[in-house]
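This report concerns only the one structure given below.
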Amino acid sequence: NMADPTLTIQSTGLPIPQLSFGLYKVPANEEGEEIILNAVKAGYHHFDTASYYRNEATLGNALRRSGIPRDQFFIVSKVWNNAQKLGRAAVRQSVEQSIADLNFGGYYDLFLIHWPVPNHFVDTYRELELLHEEGKIRHLGLSNFSPSEYGELMAPHNNIRVSPVVNQFEVSPFMYRPRDVEYFQQRGVLVSSSKALHRGEGFDNPTIIDISKRYNVTAAQVVLRWGIQKGLIVVAKTSNLSRMVENRDILRFTLGRKEMAMLDAITTPKDVCEREMLEKERKSQM
Numbered sequence: 033n034m035a036d037p038t039l040t041i042q043s044t045g046l047p048i049p050q051l052s053f054g055l056y057k058v059p060a061n062e063e064g065e066e067i068i069l070n071a072v073k074a075g076y077h078h079f080d081t082a083s084y085y086r087n088e089a090t091l092g093n094a095l096r097r098s099g100i101p102r103d104q105f106f107i108v109s110k111v112w113n114n115a116q117k118l119g120r121a122a123v124r125q126s127v128e129q130s131i132a133d134l135n136f137g138g139y140y141d142l143f144l145i146h147w148p149v150p151n152h153f154v155d156t157y158r159e160l161e162l163l164h165e166e167g168k169i170r171h172l173g174l175s176n177f178s179p180s181e182y183g184e185l186m187a188p189h190n191n192i193r194v195s196p197v198v199n200q201f202e203v204s205p206f207m208y209r210p211r212d213v214e215y216f217q218q219r220g221v222l223v224s225s226s227k228a229l230h231r232g233e234g235f236d237n238p239t240i241i242d243i244s245k246r247y248n249v250t251a252a253q254v255v256l257r258w259g260i261q262k263g264l265i266v267v268a269k270t271s272n273l274s275r276m277v278e279n280r281d282i283l284r285f286t287l288g289r290k291e292m293a294m295l296d297a298i299t300t301p302k303d304v305c306e307r308e309m310l311e312k313e314r315k316s317q318m
C-alpha cells in the first residue's frame, strides 16, 4: 500500500509501518476510543502506547471495535521505570497487565524499555526475552537509550539472545543527533522518533515556513517527511481527523538534498547539549 511506507526489521524480515500513531495523552475513555477509531479510518495500523500512558485498554477496545483483524495492526507498548526497580517479577507482571488491558490477540508486536533505569535495565531486558520466548511479545526494543547504554546492554557477558529491533528517542529537525541515529541504524536497530512533531513547537520556524510554502504543504508535513526520508519510524499524535489524514499525506512530495540539509541545521549544538544534560539528569534520578 503506497500510503503506508514500511521499514524492514532486520532480524525477522518483517515489515513495520513507518507512520505510527502515538497515544501519549489520549484519554482513557469513549473520547479516546473515538480518536483511535479516527486514526484507523485515516489509515494508521501502527499504534504506540505505554503502561505509563494508562490507555492500553482504550486502545484495545477501539481496535476491536474497528472490526479489522489483529494481524493487520502493529502495536507497541513500553514497561515503566517503577516495575524495573522492583525487579524481574514486577516487570513480568507489568507486561502481562499490559497484555490483559489491551485484550486483543494476547500479544504485542513490540515492547520497549521506556527508560534505561540504571542497574536495572539489563535484568528488565532479560525478562522481556523470556516473555518473547513465550510468544507474548513478538519483538523487543528500547527507548531513550544512548549508544553507551546500548553498548552496556549488548556487552558479551550479558549474553543477550534476542537483539533489540528499535530504539525510540527524540528525533526531529529541532533535536537531530545524526551520530546517535546512525549508530543505531548501522547496528540494525530502527530508530523511532518520539516527539516527531516536537509537540507542534517550532512550526513558526522560518526555514520550515519557507520549505512548506515551496512545496505547498503544511509545517507538520515537512517535518514528518524529513523523518520518513531519514528512514525513521515517525510517531505523530493529533486528536483531529483531518490532521491525521494530513499527517499521512506525505508521499506526494520529496524534499531535495538542499532542503534536508537546511532542516538538519535547525538543531544547534546548544540544543543537543541541553537535551543530553536533561536526559542524564532524568536517568540519575531514577
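All residue numbers for the sequence shown refer to the numbering used here, where the first residue is 33 and numbers rise by one. Note that CB positions come from ideal geometry on N, CA and C, so glycine has one too.
Closest by C-alpha distance to residue i, when choosing among the options
i      : options                          : result
ALA293 : GLU165, PRO210, HIS164 and LEU69 : PRO210
ALA228 : LEU46, VAL154 and LEU51          : LEU51
ASN199 : LEU55, ILE48, PHE216 and ILE192  : PHE216
Helix, strand or coil at residue i according to DSSP, with G and I counted as helix
i      : result
PHE153 : helix
LYS73  : helix
GLU166 : coil
VAL255 : helix
GLY64  : helix
ALA297 : coil
ILE192 : coil
ASN33  : Its pLDDT being 46, under 50, ASN33 is placed unreliably in this model, and the value from its coordinates should be taken loosely. Three-state result, ASN33: coil.
MET207 : strand
THR250 : coil
9 Å Cβ cutoff, residue i in contact with chain B
i      : result
ASP242 : Protein chain content of the structure displayed is limited to a single chain, and chain B is not contained in it.
According to DSSP, residues forming a beta bridge with residue i
i      : result
GLU290 : Correcting the residue type first, residue 290 is Lys in the shown sequence and not Glu. For LYS290, which the question treats as bridged, DSSP gives no partner whatsoever.
PHE201 : SER225
LYS110 : LEU144
ILE48  : LEU39
LEU174 : ILE145 and ASN199
GLY54  : ASP80
Continuous alpha helix (DSSP H) stretch holding residue i: start and end
i     : result
GLY92 : 88-98
Endpoints, the beta strand (DSSP E) within which residue i is located
i      : result
ASP80  : 78-80
ALA268 : 265-268
Quiz item: Is the number of C-beta pairs between the region 275-283 and the region 73-84 that are closer than 8 Å three or more?
Solution: Yes, they touch.
Practice problem: Determine, using beta-carbon pairs with one atom in the region 138-153 and one in the region 166-176, whether at least three such pairs fall under 8 Å. | Solution: Yes: at least three Cβ pairs fall under 8 Å.
Quiz item: Taking one C-beta from the region 242-251 and one from the region 39-50 each time, how about it: are there three or more such pairs within less than 8 Å?
Solution: Contact between the region 242-251 and the region 39-50 is absent: fewer than three C-beta pairs spanning the two stretches fall below 8 Å.
Exercise. Check whether the region 61-71 touches the region 103-120, taking contact to mean three or more Cβ pairs, one atom from each stretch, closer than 8 Å.
Key: Touching, no.
Quiz item: Is there contact here, the region 255-274 with the region 221-238, by at least three beta-carbon pairs under 8 Å?
Solution: By the Cβ test, the region 255-274 is in contact with the region 221-238, since at least three Cβ pairs between them sit closer than 8 Å.
Quiz item: Does the count of Cβ pairs from the region 178-195 and the region 153-164 closer than 8 Å reach three?
Solution: The region 178-195 is in contact with the region 153-164.
Quiz item: Counting Cβ pairs, one atom from each stretch, are 3 or more of them under 8 Å apart for the region 90-99 and the region 283-303?
Solution: No contact exists between the region 90-99 and the region 283-303.
Self-check item: Inter-stretch contact (C-beta, 8 Å, three-pair minimum) for the region 117-125 and the region 198-212
Solution: No, they do not touch.
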